[in-house]
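A.B. asks: Got a structure for you, questions after.
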Amino acid sequence: MSTVAIAEDDRDIRELVELILGEEGYATVAVPDGHSALEMCRRERPDLLLLDVSMPGELSGLEVCRRIRSDEQIGGLPIMLLTARARDQDINAGYAAGADDYLVKPFNPLELSRRVRALVEPTD
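Letter by letter, the sequence shown follows residues 24 to 147 in the working numbering.
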């Protein structure tokens, strides 16, 4: 079973994503901020990280993404940014930080599931 980590400060969204992915058969582990996300990824080694861009604390989602990409042990972790920031410059900044995918809130649950599957179970 693949594990998807969720870093999202909004509890309702975090629980919704956990529900959607749980119904798809994924194990989930969720945290509310960037610092916890970085620690959890180093400790748990999930198969995918869903990462909000705007979170409380010193580490934004973009900074977490950059730090993961520069970490030898977890640098290859697939990352999907899940955010309300929909402007082209925000999307470009997300990909420049190292994101593999970028999904704008509000999102369609089926679209979330499809994109998670594509990142966790890529077809070559």
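The C-beta atom is built at its ideal place from N, Cα and C for all residues, glycine as well.
Cβ of G117 within 7 Å of Cβ of V87?
C.D. replies: no
A.B. asks: Kindly indicate which residue of R65, I102, T51 has the alpha-carbon position closest to the one of L73.
C.D. replies: I102
A.B. asks: Is it true that the CB of A28 sits closer than 7 Å to the CB of M63?
C.D. replies: yes
A.B. asks: With a threshold of 6 Å on Cβ separation, who are the neighbours of Q112 within its own chain once the five nearest residues in sequence on each side are excluded?
C.D. replies: Correct list: empty, nothing qualifies.
A.B. asks: Buried or exposed: A30, going by 16 or more other Cβ atoms within 10 Å of its Cβ?
C.D. replies: buried
A.B. asks: Compute the Euclidean distance between the alpha carbons of L39 and S83, then round it to the nearest angstrom.
C.D. replies: 21 Å
A.B. asks: For a minimum of 4 consecutive residues, which ranges assigned as the alpha helix (DSSP H) are wholly contained in the region 61-100?
C.D. replies: The qualifying runs are 84-92.
A.B. asks: Please name the residue, chosen from R68, P55, E134, that lies closest to E95 on a Cα-to-Cα basis.
C.D. replies: Selected option, being the one with the closest Cα: R68.
A.B. asks: Between which two residues does the alpha helix (DSSP H) carrying Y125 extend?
C.D. replies: Following the DSSP letters along the chain, one finds Y125 in no alpha helix (DSSP H) but inside the beta strand (DSSP E) bounded by residues 124-127.
A.B. asks: Answer yes or no: do D123 and L142 have a C-beta to C-beta separation smaller than 7 Å?
C.D. replies: It is a contact, given that the beta carbons lie within the stated cut-off.
A.B. asks: Buried or exposed, going by whether 16 or more other CB atoms sit within 10 Å of the CB of L135?
C.D. replies: buried
A.B. asks: If you draw a straight line from the C-alpha of A60 to the C-alpha of V54, how long is it?
C.D. replies: 6 Å
A.B. asks: Quick one: what's got a C-beta closer than 8 Å to E81's C-beta in the same chain, skipping five residues either side?
C.D. replies: G57, H58
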